[in-house]
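Worksheet: one structure, shown below.
Protein chains: 2
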Amino acid sequence: MAVSFSFRLIASNGAARTGEIATAHGIVRTPAFMPVGTQAAIKGVHHDEVRAAGADIILANTYHLMLRPTAERVAALGGLHEFMHWPLPILTDSGGYQVMSLAPLRKVAEPGVTFRSHLDGAMVELTPERAVEVQILLGADIAMQLDECVRLPAEPANIERAMRLSLRWAERCKRAFEGAPSDRALFGIVQGGDDARLREVSARALVELGFDGYAIGGLAVGEEVMLRVVATTAPALPAERPRYLMGVGTPSDVLDAIACGIDMFDCVLPTRNGRHGLAFTRFGPINIKNARHADDPRPLDPQSRCPAARDFSRAYLHHLFKANEALGGTLLSIVNLFYYQDLTAGARAAIAQCRFADYRAEIEEQWARDVE
Amino acid sequence: MAVSFSFRLIASNGAARTGEIATAHGIVRTPAFMPVGTQAAIKGVHHDEVRAAGADIILANTYHLMLRPTAERVAALGGLHEFMHWPLPILTDSGGYQVMSLAPLRKVAEPGVTFRSHLDGAMVELTPERAVEVQILLGADIAMQLDECVRLPAEPANIERAMRLSLRWAERCKRAFEGAPSDRALFGIVQGGDDARLREVSARALVELGFDGYAIGGLAVGEEVMLRVVATTAPALPAERPRYLMGVGTPSDVLDAIACGIDMFDCVLPTRNGRHGLAFTRFGPINIKNARHADDPRPLDPQSRCPAARDFSRAYLHHLFKANEALGGTLLSIVNLFYYQDLTAGARAAIAQCRFADYRAEIEEQWARDVE
Numbered sequence: 029m030a031v032s033f034s035f036r037l038i039a040s041n042g043a044a045r046t047g048e049i050a051t052a053h054g055i056v057r058t059p060a061f062m063p064v065g066t067q068a069a070i071k072g073v074h075h076d077e078v079r080a081a082g083a084d085i086i087l088a089n090t091y092h093l094m095l096r097p098t099a100e101r102v103a104a105l106g107g108l109h110e111f112m113h114w115p116l117p118i119l120t121d122s123g124g125y126q127v128m129s130l131a132p133l134r135k136v137a138e139p140g141v142t143f144r145s146h147l148d149g150a151m152v153e154l155t156p157e158r159a160v161e162v163q164i165l166l167g168a169d170i171a172m173q174l175d176e177c178v179r180l181p182a183e184p185a186n187i188e189r190a191m192r193l194s195l196r197w198a199e200r201c202k203r204a205f206e207g208a209p210s211d212r213a214l215f216g217i218v219q220g221g222d223d224a225r226l227r228e229v230s231a232r233a234l235v236e237l238g239f240d241g242y243a244i245g246g247l248a249v250g251e252e253v254m255l256r257v258v259a260t261t262a263p264a265l266p267a268e269r270p271r272y273l274m275g276v277g278t279p280s281d282v283l284d285a286i287a288c289g290i291d292m293f294d295c296v297l298p299t300r301n302g303r304h305g306l307a308f309t310r311f312g313p314i315n316i317k318n319a320r321h322a323d324d325p326r327p328l329d330p331q332s333r334c335p336a337a338r339d340f341s342r343a344y345l346h347h348l349f350k351a352n353e354a355l356g357g358t359l360l361s362i363v364n365l366f367y368y369q370d371l372t373a374g375a376r377a378a379i380a381q382c383r384f385a386d387y388r389a390e391i392e393e394q395w396a397r398d399v400e
Numbered sequence: 029m030a031v032s033f034s035f036r037l038i039a040s041n042g043a044a045r046t047g048e049i050a051t052a053h054g055i056v057r058t059p060a061f062m063p064v065g066t067q068a069a070i071k072g073v074h075h076d077e078v079r080a081a082g083a084d085i086i087l088a089n090t091y092h093l094m095l096r097p098t099a100e101r102v103a104a105l106g107g108l109h110e111f112m113h114w115p116l117p118i119l120t121d122s123g124g125y126q127v128m129s130l131a132p133l134r135k136v137a138e139p140g141v142t143f144r145s146h147l148d149g150a151m152v153e154l155t156p157e158r159a160v161e162v163q164i165l166l167g168a169d170i171a172m173q174l175d176e177c178v179r180l181p182a183e184p185a186n187i188e189r190a191m192r193l194s195l196r197w198a199e200r201c202k203r204a205f206e207g208a209p210s211d212r213a214l215f216g217i218v219q220g221g222d223d224a225r226l227r228e229v230s231a232r233a234l235v236e237l238g239f240d241g242y243a244i245g246g247l248a249v250g251e252e253v254m255l256r257v258v259a260t261t262a263p264a265l266p267a268e269r270p271r272y273l274m275g276v277g278t279p280s281d282v283l284d285a286i287a288c289g290i291d292m293f294d295c296v297l298p299t300r301n302g303r304h305g306l307a308f309t310r311f312g313p314i315n316i317k318n319a320r321h322a323d324d325p326r327p328l329d330p331q332s333r334c335p336a337a338r339d340f341s342r343a344y345l346h347h348l349f350k351a352n353e354a355l356g357g358t359l360l361s362i363v364n365l366f367y368y369q370d371l372t373a374g375a376r377a378a379i380a381q382c383r384f385a386d387y388r389a390e391i392e393e394q395w396a397r398d399v400e
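In order, the protein sequences belong to chains Z and R.
Numbering of the first sequence is given in our numbering, commencing with residue 29 and proceeding in unit increments.
Numbering of the second sequence is given in our numbering, commencing with residue 29 and proceeding in unit increments.
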């Protein structure tokens with residue numbers, strides 16, 4: 029029998045929590061960081077490295093996959109886990125965010141969003157029902173409701189309109205999800221921009237509808253707004269369900285949000301920054317393209333659990349970037365994926381030991397020390 | 029005490045041979061295929077995968093490395109093995125071939141070749157002595173003499189001129205190499221274009237000078253000329269030294285040349301073709317970008333030793349290329365590196381069992397069967 033989706037809280041420390049999400053494809057230890065596999069691949073990194081880094085779950089993008097190779101093709105090939113040969117849990121977003129940010133000629137209306145595919149120019153309609161259908165076809169362990177994500181700053185009236193539309197879509201998604209296999213989960217998404225009152229309205233209404241987990245959307249925007257909204261929204265969400273802060277963030281953002289009670293994160297920063305020569309380390313970020321690394325025989329961090337951070341000198345990594353060798357971006361992406369996994373693993377352990385505040389302070393103190 | 033360079037013939041089967049080259053950094057089983065790490069990196073592939081494929085030795089390019097990061101910098105960082113974290117043997121070419129093919133404004137004269145760096149436009153002089161010095165600084169286990177490599181087809185007079193110049197450079201390289209650490213080896217390079225008589229003159233003169241091994245250069249040109257020249261040149265080289273056919277070639281070329289008594293190969297085909305979507309398999313080459321793979325759940329080869337050839341469906345690999353995910357090129361490069369290593373490993377075993385002709389026939393029969 030398939031394992032049902034469930035969330036078990038193991039320990040709390042202030043607002044911070046550690047727990048376990050059970051899915052049909054395995055356990056997700058929280059706080060969890062989900063590497064982003066937009067097109068069913070973590071950019072530039074072999075799946076084996078993603079697993080070695082310690083990721084329990086990855087995120088894939090509905091918008092990209094519904095256009096190519098299409099959800100129907102993935103389903104015919106056995107679903108996303110089989111298709112991409114990733115046996116662990118997968119969360120898919122609903123496509124809403126990417127439609128807003130990538131598709132030309134998008135039009136949002138009550139039935140859903142209509143947009144022109146950036147691949148072949150075809151007009152595509154994404155309704156709440158279709159977003160759910162696509163995610164069921166993909167075989168996601170965790171599916172997200174379709175929402176309208178307003179880019180901040182925005183007019184209060186527009187923020188409220190999008191939030192209320194997202195709530196109506198949430199209800200339609202929930203209804204559409206009733207036919208999903210019983211081991212799948214659907215999360216609602218709190219919207220409401222930077223307005224604490226609207227966020228609370230959204231959170232309450234979603235909780236009333238009842239979801240397997242709750243996300244906070246529209247906050248991949250900048251630290252100050254993000255923290256303020258998360259601090260007020262997280263407590264409005266039920267303690268017995270996982271809370272997912274979408275698209276966030278820097279290591280500092282992640283620690284801040286964990287302190288507010290967030291359980292799940294996704295962000296392209298580890299791989300995007302890695303490709304651009306930026307390594308996250310115990311000593312803070314290191315820009316390996318900087319000329320001062322050209323003769324430096326030291327590894328990024330001799331104490332890292334990540335072989336790429338231990339085995340290769342900064343001089344070699346610098347050379348790979350100067351020489352435009354893709355291996356440079358791959359190695360730094362691996363370093364960064366390990367970094368984020370170790371950051372959240374450390375948080376889990378610290379919360380379980382009731383010393384999360386100390387852990388956070390130690391990490392931040394090391395970043396500030398600038399001993400690199 | 030450092031291991032001296034040596035070559036031990038284990039078995040012969042017709043002209044084909046299997047043996048072992050001992051170097052300070054380990055054993056190279058021959059026939060050996062050397063993956064190309066032009067800029068101290070195998071393009072798009074993690075070192076761990078190159079080792080997992082079974083490569084005993086890699087090739088790096090003197091021309092690229094002397095310009096960036098420079099031989100002096102690599103030496104200061106402990107040499108190429110330490111710099112790139114590759115503990116196994118390394119062969120470096122002399123830079124001659126790349127100067128001819130890459131550098132603008134090159135001028136060949138008796139003292140050496142002068143060229144403009146393609147990186148910063150600086151005029152650089154590469155003499156036989158400097159080529160040896162650079163390779164000693166890099167720490168190559170096997171260094172190559174500087175030669176002039178004429179692009180075929182060419183005028184007979186020009187072929188002979190370049191061959192005789194290469195011989196004089198061979199002598200100067202040998203003299204310059206006398207100061208090298210005792211565990212390093214220097215190979216001479218037979219030139220002479222497509223002229224069997226000139227090739228023989230070149231081979232005899234080089235053998236008279238005496239090198240640790242002998243390469244046949246200037247033959248990455250097309251199957252027919254290559255085979256004819258190799259078939260007549262290889263027997264002119266001493267049996268007790270390794271023979272290296274530079275820049276060759278396709279799997280078929282490799283088998284043909286092994287049959288003529290060649291021991292070592294290098295070629296960019298596994299990684300270059302991999303990046304372009306071409307996989308070498310038991311069933312012959314597969315162009316994964318072809319639309320007919322889009323729905324194919326089968327792996328490239330379920331019986332392959334290579335995990336990437338077993339674990340990922342053709343449909344997924346096809347998708348990665350369509351979606352411009354670098355992982356596609358990486359996975360196919362890995363598949364191809366395994367393929368070449370398995371091809372030469374099979375040849376070694378077959379020669380030891382005196383059944384190389386059968387092995388070659390079996391491999392070729394499978395390519396022709398087109399059962400993919």
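Virtual Cβ for every residue (Gly too), placed ideally from N, Cα, C.
Note that the coordinates shown come from a computational prediction; the quantities given were computed from them, not determined experimentally.
Which of helix, strand or coil DSSP assigns to residue i
i         : result
Asp84(Z)  : coil
Asn41(R)  : strand
Thr309(R) : strand
Ser210(Z) : coil
Ile316(Z) : coil
Ser332(Z) : coil
Pro266(R) : coil
Pro327(R) : strand
Bridge partners - residue i, DSSP secondary structure assignment
i         : result
Ile49(R)  : Phe35(R), Val56(R)
Met172(R) : Phe215(R)
Asp294(R) : Met62(R)
Ala243(Z) : Ile217(Z), Tyr272(Z)
Ser194(R) : Answer is none; Ser194(R) lacks a bridge partner.
Ser280(R) : Answer is none; Ser280(R) lacks a bridge partner.
Ser341(Z) : Pro327(Z)
Partners in chain R for residue i, counting only beta-carbon separations shorter than 8 Å
i         : result
Asp323(Z) : Arg101, Ala104, Leu105
Pro298(Z) : Result: empty, since nearest Cβ-Cβ is about 15 Å, beyond 8 Å.
Pro63(Z)  : Result: empty, since nearest Cβ-Cβ is about 13 Å, beyond 8 Å.
Cross-chain neighbours of residue i in chain R, by beta carbon under 9 Å
i        : result
Ala68(Z) : Tyr344, His347, Leu348, Ala351, Glu353
Proximal residues of chain Z, C-beta to C-beta of residue i below 9 Å
i         : result
Ser361(R) : What Ser361(R) touches in chain Z: nothing, since even the nearest Cβ is about 10 Å away.
Asp148(R) : Going along chain Z, no residue has its Cβ under 9 Å from Asp148(R), so there is no contact; the nearest lies around 12 Å.
Pro330(R) : By Cβ distance, chain Z contributes nothing, its closest Cβ being about 13 Å from Pro330(R), past 9 Å.
His74(R)  : His74, Glu77, Ala336, Leu355, Thr358, Leu359, Ile362
Asp339(R) : His75, His113
Pro156(R) : Ordered by position in chain Z, no residue passes the 9 Å Cβ test against Pro156(R), which lies about 26 Å from the chain.
Per-residue contacts from residue i into chain Z (C-beta, under 7 Å)
i         : result
Ser32(R)  : Within 7 Å Cβ-Cβ: nothing; Ser32(R) doesn't reach chain Z, min ~28 Å.
Pro266(R) : The premise fails here: Pro266(R) is roughly 38 Å from chain Z at the closest Cβ pair, so nothing lies under 7 Å.
Pro270(R) : Neighbours of Pro270(R) on chain Z: none; closest Cβ ~29 Å, over 7 Å.
Neighbouring residues, chain R, relative to residue i (Cβ below 7 Å)
i         : result
Met94(Z)  : By Cβ distance, chain R contributes nothing, its closest Cβ being about 13 Å from Met94(Z), past 7 Å.
Lys317(Z) : Neighbours of Lys317(Z) on chain R: none; closest Cβ ~13 Å, over 7 Å.
Pro15(Z)  : Summary: the structure shown does not reach residue 15(Z), with chain Z confined to residues 29 through 400, and so no result is reported for it.
Under 8 Å from the C-beta of residue i: neighbouring residues of chain Z
i        : result
Lys71(R) : Glu353, Ala354, Leu355
Short CB-CB distance (under 8 Å) between residue i and chain A
i         : result
Pro117(R) : Although the question refers to chain A, the structure presented lacks it and instead comprises the protein chains Z and R.
Practice task
Count the C-beta pairs between the segment 196-214 of chain Z and the segment 150-160 of chain Z that are closer than 8 Å, then say yes if the count reaches three, no if not.
Solution key: yes
Exercise for the section: Please determine if the segment 339-346 of chain R and the segment 319-326 of chain R are in contact, where contact requires at least 3 C-beta pairs separated by less than 8 Å. Expected result: yes
Handout entry: Ranges of the alpha helix (DSSP H) found wholly within the segment 93-160 of chain Z, counting only runs of at least 4
Key = 99-104, 108-112, 124-130
Exercise for the section: Indicate whether the contact test is met: 3 or more Cβ pairs, each with one atom in the segment 288-304 of chain R and one in the segment 355-365 of chain R, closer than 8 Å. Expected result: yes
Exercise for the section: Count the CB pairs spanning the segment 35-46 of chain R and the segment 363-380 of chain Z that are closer than 8 Å, and state whether there are at least three. Expected result: no
Practice task
Inspect the CB distances between the segment 92-103 of chain Z and the segment 168-185 of chain Z and report whether three or more fall short of 8 Å.
Solution key: no
Handout entry: Meets three-Cβ-pair contact criterion under 8 Å: the segment 282-294 of chain R and the segment 53-66 of chain R
Key = yes
Practice task
Evaluate the contact criterion for the segment 132-146 of chain Z versus the segment 69-76 of chain Z: three or more CB pairs, one atom per stretch, below 8 Å.
Solution key: no
Handout entry: Inter-stretch contact (C-beta, 8 Å, three-pair minimum) for the segment 177-194 of chain Z and the segment 211-227 of chain Z
Key = yes
Handout entry: Cβ contact check for the segment 384-391 of chain Z and the segment 245-260 of chain R: 3 or more pairs under 8 Å
Key = no
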